[in-house]
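Taking my numbering, I'd label the letters of the sequence shown as residues -7 to 219.
Reviewing the structure listed below.
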Amino acid sequence: MASLKLIFERQWLHALCLGLLLYGLCQAVELEQVSTGAAWGRDTLFWLWLGVGISISHQVLVWFVWRLQLHGQYVTRCLGAAGFPLYAVLFALLGIGRVLPVFIVAYANQGTLPGDGVLMKLVAVILLLPSLYLFYSVKRYFGFKRAFGADHFEEDYRTMPFVRRGIFRFTSNGMYIYGFLLLWVPALWWGSAAALCLAAFNHLYIWVHYYGTELPDIKRIYGSPTS
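Structure, rendered in structure tokens:
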């Protein structure tokens, strides 16, 4: 089997940063404005921690599958041609699953953020626009298959140039910068302190994935990080 050192490369950073994020979140949920509210018979904190659990599961799945495939092709050796499609389904389900709790938390905990509600809604709309443009750019120029990590599975993807069209004209890290702005939208639209905490956790945590998992893999696949 591939060296455990390669599979766990930089996962100390993942564990350390995740621990710090969870500690900060545990402090935040002690605040009354974060813990108040309920939806569908469950309190706000149930939905918040559900969202956290799904987010962690999502990123652990991606790390584990990517590294097993990159350092030994173990996914396709075990599952054959079905390896990537099965992984992609799990990726999509967990990806959607980490978005939905933010909306539920925002609804359950609405009205807990101080400030002008109209202004917060305006900011929510402003943040929505680049996130929508990001998903449009992924669909048109990048491809969802490639976004899921097809370059870990198929050699053809490793020879493709980095995308510099759509939102990727402005940054190579469009998915990390703009995609996760979507999670801030319900928090601001409903004025929810708890949803704001969950959105912040998700947005910070995806950068942990970038530096702990994706960037090392980019260097091994392409020889250098995107720039």
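Positions of the beta carbon are idealized from the N, C-alpha and C atoms, including for glycine.
All values derive from a computational prediction rather than experimental measurement.
Check: Within 8 Å, do at least three Cβ pairs link the region 109 to 117 to the region 197 to 205?; Outcome: no
Check: Please report how far the alpha carbon of K137 lies from the alpha carbon of T68, in whole angstroms.; Outcome: 16 Å
Check: Distance, Cα to Cα, R90 vs V81?; Outcome: 14 Å
Check: Starting from V97, trace the alpha helix (DSSP H) in both directions and tell me its first and last residue.; Outcome: G75 to A100
Check: Would you mind sorting R161 into buried or exposed? The rule is 16 or more other CB atoms within 10 Å of its CB.; Outcome: exposed
Check: For A187, count neighbouring C-beta atoms within 10 Å of its own C-beta (all shown protein chains included) and say buried if the count is 16 or more, exposed if not.; Outcome: buried
Check: If I measure Cβ to Cβ from G166 and keep anything under 7 Å in the same chain, skipping five residues before and after, which residues do I get?; Outcome: L126, S129, I159 and F160
Check: Please check the pair V97 and L190, which I expect to be a contact at CB under 8 Å, by giving their CB distance rounded to whole angstroms.; Outcome: 6 Å
Check: Quick one: grab the DSSP three-state call for R34.; Outcome: strand
Check: For the alpha helix (DSSP H) that S123 lies in, which residues bound it at each end?; Outcome: G109 to S129
Check: Grab me the residues of W55's own chain with a C-beta within less than 8 Å of its C-beta, minus the 5 sequence neighbours each way, in chain order.; Outcome: Q3, H6, H201, G204 and T205
Check: Measure the C-alpha to C-alpha separation of L(-4) and R150 and round it to an integer number of angstroms.; Outcome: 23 Å
Check: Which residue from F154, F76 and S184 puts its Cα closest to that of I213?; Outcome: F154
Check: With burial defined as no fewer than 16 other Cβ atoms inside 10 Å of the residue's Cβ, what is the status of G215: buried or exposed?; Outcome: exposed
Check: L105 and A185: beta carbons closer than 8 Å?; Outcome: yes
Check: Report the three-state DSSP secondary structure of Y214 (helix, strand or coil).; Outcome: helix
Check: Hey, out of L10, L86, W39 and C9, whose CA is closest to V21's CA?; Outcome: W39
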